[in-house]
Structures are given as C-alpha cells and as structure tokens.
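*Asks:*
Number of protein chains: 2
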Amino acid sequence: MARAGTTARKTRNQMEKRQAIFEAALDVFSEKGLRGATLEQVAKAAGLSKQNVVYYFNGKDQIYAELLESLLQKWVQPLHDLSAEGDPLDEILTYVSRKVQMSRNMPRESRLFATEILHGAPRLGDVLPTDLKTLVDDKAAIIQGWMDAGKLAPLDPHHLIFSIWSMTQHYADFDVQVRSVLGPERSATRFEDAEAFIKDMLIRTLQP
Amino acid sequence: MARAGTTARKTRNQMEKRQAIFEAALDVFSEKGLRGATLEQVAKAAGLSKQNVVYYFNGKDQIYAELLESLLQKWVQPLHDLSAEGDPLDEILTYVSRKVQMSRNMPRESRLFATEILHGAPRLGDVLPTDLKTLVDDKAAIIQGWMDAGKLAPLDPHHLIFSIWSMTQHYADFDVQVRSVLGPERSATRFEDAEAFIKDMLIRTLQP
DNA sequence: GTCTATAAATCGATAGAC
DNA sequence: GTCTATCGATTTATAGAC
Chain P
1 MARAGTTARK TRNQMEKRQA IFEAALDVFS EKGLRGATLE QVAKAAGLSK QNVVYYFNGK
61 DQIYAELLES LLQKWVQPLH DLSAEGDPLD EILTYVSRKV QMSRNMPRES RLFATEILHG
121 APRLGDVLPT DLKTLVDDKA AIIQGWMDAG KLAPLDPHHL IFSIWSMTQH YADFDVQVRS
181 VLGPERSATR FEDAEAFIKD MLIRTLQP
Chain B
1 MARAGTTARK TRNQMEKRQA IFEAALDVFS EKGLRGATLE QVAKAAGLSK QNVVYYFNGK
61 DQIYAELLES LLQKWVQPLH DLSAEGDPLD EILTYVSRKV QMSRNMPRES RLFATEILHG
121 APRLGDVLPT DLKTLVDDKA AIIQGWMDAG KLAPLDPHHL IFSIWSMTQH YADFDVQVRS
181 VLGPERSATR FEDAEAFIKD MLIRTLQP
C-alpha cells in the first residue's frame, strides 16, 4: 500500500521497475508525444500491467515529467564540458562531434526534447530562461573571449551555438526526412557525412 | 444533406467556412499536434460548432490531411525557385532570406511540418521519398554544377541544403527556447541577427 | 505488490428534427 | 446547413480482493 512513487527510500527491485518504465516511456513518448502515447503502450513496452505502472508513478504526466527531468542533465553535458582552457577550434569541433554522436546514439532523447520545446515547453518549467540561459550565456562568453583575443573570427556566439544545435539535432529529429531525401545508399553514411560537413563549415567560418 | 466535404462544386459561403476551419486548424494543430488537439478546440477557434465542422470535413484526420496537403506546395516554393540561371551565391543567400522570412511569418506552418516529420511523417504519404527527394536532388545538382565550375567551394550539396533547413527553421520550431536563451532584449532582433549570422557563415564557407 | 473490475472523463462521430 | 441529443470507443484513474 505504501506509495513507491515519490518517497525517498526505494528497494532495488523498485528502482529496476522504475527504470524499466523510464526506458519504455522514452520509447513511446519520443515516438508519439505525450498526448499521442497511452499508458497501455508504456506498460506493455515495460512488460507490466497498466495498473502496476500507475502504482510506481502517479500517472502518465508524472512519468513524462520525471523522464524529462532525469534526462536534462545528460542532454546538456557536452555544452557544459566546453572549456575555456582548451584550444578554441578544438573545443568547438569536439562539441560538434559529441552532438552528432548524440543524434546518432540518443535519437529518442533528442526527439523527446524537440517535441516538448516545439509545443511550447510547458513541462520544462522555467529551466529554459534560468539554467539553460545561464549555461549558454556562460559558454557564449568564453567563445566571445576567444574571438576578442583574435583566436576565432568574430561572430555572434549565441547564434553560433544555435546553429550547432540545429544542424546536429536535425539528423535525429528529422531522420525520416533526411533518409528519404538521401535515399538508401547515401543514408548509410549520413552521420559521418554530416559531421564532416558541419566541421568543415565551422572551420572555414571560424578561421580568424 | 449534401456532403460539402469532398465534392467538386462549392458555394462561396462553403469555401469561406472551409477556409475558417483551415485557419483554426493551423492554429490548434501547430500548437498541440494532431492528437493533442481536439475537434472542439478547432471548432471554437473557427467560430463553429463541433458538428458543423464535421459537416464540412468528414472528421479530424481529414482536416489535418487536407491542411498538410494544401500547405505543402507553398512550403517548398523557395527551394523550387532556386535557379541555375542566377549568380550562385546570390541564389543561395536569397533562399536563406526567404526561409528566415518564412520562420518569422509562418511559424505555425513550420511547426506543423516539424511535428509531422518528427513523428515519422505517416500522413505525408510517400511525398518525401518521391517529390521532395526529386526536388532536392535537382537543386543539389545545380549547386554541384556551380562547385564543379569553381564558382563555389566544394561541399556536399545535400548536407548544405539540410544545414539551411535546420538553421532557418530552428528559429520558428524552437522559438520558445531561442527567446528564453537570448532574453527579452536580444530576442527583439533575433530574426535579423539570425539571417545575418547564417548568411555570414555561408559566405565564408562557400567562397571558392 | 499485483490482480480483476469498474468508475469517470474525454472525445470523435452519428441520428434526426427543423 | 445548423441544431440538440446521444451513442460508442478510448483512456485515465481508482476500488478492493488476494
């Protein structure tokens, strides 16, 4: 009868079930969106009954909210790791590499956030104007410092970051379109080709 | 009793009602997606009753399908207009201008297509692998021709087009995030800044 | 904790009067 | 064509036995 949902202490088995539900929810929500997905689908994907899923979480919305929150940190980690200590161009190209890798290896997470933001990000609370803005402002200042020091060509750092986000995430979020346009053969190497293209573009652009 | 939905002949009043429904549907579907939106919301936004909306179209899915189809042509027009006859860099920069303008003036259309493709584009039929692929291949060949003639730096034309799509549409699809990160002041000029940034990036990249 | 059963709400669609 | 009334399906959530 004890609620497993939000209490602090949880058994190992409870954590495993919660993790299975998270995994299933990521599958279903990233493919159909919050409203398009049903609890039944999440439960089936997790190998549990619908009522059992409700037992571990309090409802569909809570699964979705906790899922988003649990992925947020991992999602912005690559930008967080961009360091003022490294070589300017290296740091930026490494960031691009990691973002392309994430589009390749974590397309579900990318689509989950994309759908959420596309619909106005009502469940991301005020994380965007606070935490994310602070992080981006911080990194933009580093990049601006590099430009002021003549190590990179002068460009708007915020829009530079936007351009990297958009170009890299495009290959996860709109994968169907990318593959349709490229055709089966060229789709096989789309991530490598994209990474090379974006890096090439940025090298030419950022060379002082 | 005559069905107004799919017959060929329609009165002026019928067309006006249908147009009002389209306009309302674009509002609601672009904000909440197909499943997230209800007929009631569309009807209210159109100033009609739910049953009346059903009378003009046969159901929610049909409104959505016809809406997508009616917007498709307008959506790809800028790329269609990219001409082999013009100056290479001019043609590409003009394309960027028009795409940024569309993000500014038609954000609902952008988000509608984005949501559809994000969820696997089930309702876009096989337009992607046929019509869109043909169009992109055609324009990519033109760009490749310019590169072969030494008028542009050599780059993968398909990924170049993807990069323009992603960078420009980013400002419509993820507008909430863009404004959150930029803050109120800098958001005021986000489209002008974005256009200048993207053009600057492409000029430096495409200069032979 | 997990199950069966079912309540409660939402929503798309239809019937039929006018 | 537009209205009132309502059906039927889906889906979330809860109650209670074990």
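Heads up: the sequence lines are chains P and B, in that order. The opening residue of the first sequence carries number 1 in the UniProt record's numbering; numbering runs sequentially from there. The opening residue of the second sequence carries number 1 in the UniProt record's numbering; numbering runs sequentially from there. By construction, the Cβ of each residue, glycine as well, lies at the ideal position given by its N, Cα and C atoms. No experiment lies behind these values; they were computed from the predicted model shown.
1) From residue 70 of chain B to residue 169 of chain P, what distance separates their C-alpha atoms?
2) Given this structure, state the Cα-to-Cα distance separating residue 104 of chain P from residue 191 of chain P, to the nearest angstrom.
3) Would you be able to state if there are at least three C-beta pairs under 8 Å between the stretch 166-182 of chain P and the stretch 160-169 of chain B?
4) Report the residues of the stretch 114-142 of chain P with a CB closer than 7 Å to any CB of chain B, ordered along the chain.
5) Along chain B, which residues have their Cβ under 7 Å away from the Cβ of residue 182 of chain P?
6) Listed in chain order, which residues of the stretch 19-35 of chain P have Cβ atoms closer than 8 Å to some Cβ of chain B?
7) Please decide whether residue 205 of chain B counts as near chain P, where near means a Cβ-Cβ distance under 8 Å.
8) So what's residue 49 of chain B in DSSP terms, helix, strand or just coil?
9) Classify residue 116 of chain B: buried if its beta carbon has 16 or more other beta carbons within 10 angstroms, exposed otherwise.
10) So with Cβ pairs under 8 Å, would you call residue 167 of chain P a contact of chain B?
11) Taking the alpha helix (DSSP H) that residue 85 of chain P falls in, what are its first and last residues?
12) Cβ of residue 182 of chain B within 8 Å of Cβ of residue 124 of chain B?
13) Might you give, ordered along the chain, the residues of its own chain that have their beta carbon closer than 6 Å to the beta carbon of residue 17 of chain B, omitting 5 neighbours on each side?
14) So, does the CB of residue 80 of chain B fall closer than 8 Å to a CB anywhere in chain P?
15) Please report whether the beta-carbon of residue 1 of chain P lies at a distance below 8 Å from any beta-carbon of chain B.
16) Ordered along the chain, which non-local residues of its own chain (more than five positions away) have a Cβ less than 7 Å from that of residue 175 of chain B?
17) Could you tell me the alpha carbon to alpha carbon distance between residue 196 of chain B and residue 141 of chain B, rounded to whole angstroms?
18) Three or more C-beta pairs under 8 Å: does that hold for the stretch 30-47 of chain B against the stretch 198-205 of chain P?
19) Here's the rule: buried if 16 or more other CB atoms are within 10 angstroms of the residue's CB, otherwise exposed. What is residue 147 of chain B?
*Replies:* The structure says:
1) In the second sequence, counting from the first residue as 1, residue 70 of chain B sits at position 70. In the first sequence, counting from the first residue as 1, residue 169 of chain P sits at position 169. The alpha-carbon atoms of residue 70 of chain B and residue 169 of chain P are separated by roughly 28 Å.
2) If you number the first sequence from 1, residue 104 of chain P lands on position 104. If you number the first sequence from 1, residue 191 of chain P lands on position 191. Taking the straight line from one Cα to the other gives about 7 Å.
3) Yes, the stretch 160-169 of chain B is in contact with the stretch 166-182 of chain P.
4) Cβ contacts with chain B: 114, 115, 117, 118, 119, 120, 121, 128, 129, 132, 133 and 136.
5) Position 182 of the first sequence, counted from the first residue, corresponds to residue 182 of chain P. Neighbours of residue 182 of chain P on chain B, chain order: 158.
6) Within the stretch 19-35 of chain P, the residues whose Cβ lies closer than 8 Å to some Cβ of chain B are 31, 32, 33, 34 and 35, listed in chain order.
7) One-based indexing of the second sequence puts residue 205 of chain B at position 205. Judged by the 8 Å Cβ criterion, residue 205 of chain B is in contact with chain P.
8) Start at 1 with the first residue of the second sequence, and residue 49 of chain B comes out as number 49. Coil, per DSSP.
9) As a working mapping, residue 116 of chain B is identified with position 116 in the second sequence. Flag for residue 116 of chain B reads buried.
10) As a first step, residue 167 of chain P is located in the first sequence; it is residue number 167 there, counting from the start. Yes, residue 167 of chain P lies at the interface with chain B (some Cβ there is under 8 Å from its Cβ).
11) For the purposes of this step, residue 85 of chain P is taken as residue 85 along the first sequence, with counting starting at 1. Careful: residue 85 of chain P lies outside any alpha helix (DSSP H) and carries neither H nor E.
12) Along the second sequence, read from residue 1 onward, the residue named residue 182 of chain B stands at position 182. Along the second sequence, read from residue 1 onward, the residue named residue 124 of chain B stands at position 124. With respect to residue 124 of chain B, residue 182 of chain B sits apart: the two C-beta atoms are not nearer than 8 Å.
13) Here residue 17 of chain B corresponds to residue number 17 of the second sequence, with the count starting at 1. Taken in chain order, the residues that qualify are 56.
14) The residue you call residue 80 of chain B lines up with position 80 of the second sequence. No, because no Cβ of chain P sits closer than 8 Å to the Cβ of residue 80 of chain B.
15) In the first sequence, residue 1 of chain P corresponds to position 1, counting from 1. In this prediction, residue 1 of chain P scores a pLDDT of 42, lower than 50, which makes its location untrustworthy; the coordinate-derived value is nonetheless stated afterwards. The C-beta of residue 1 of chain P comes no closer than 8 Å to any C-beta of chain B.
16) By one-based count along the second sequence, residue 175 of chain B stands at place 175. Once the five neighbours on either side are set aside, the close Cβ partners of residue 175 of chain B are 107.
17) Locating residue 196 of chain B in the second sequence gives position 196, where the first residue counts as 1. Locating residue 141 of chain B in the second sequence gives position 141, where the first residue counts as 1. Roughly 26 Å separates the two Cα atoms.
18) No, they do not touch.
19) Your numbering for residue 147 of chain B matches position 147 in the second sequence. The residue is buried, with at least 16 neighbouring Cβ atoms inside 10 Å.
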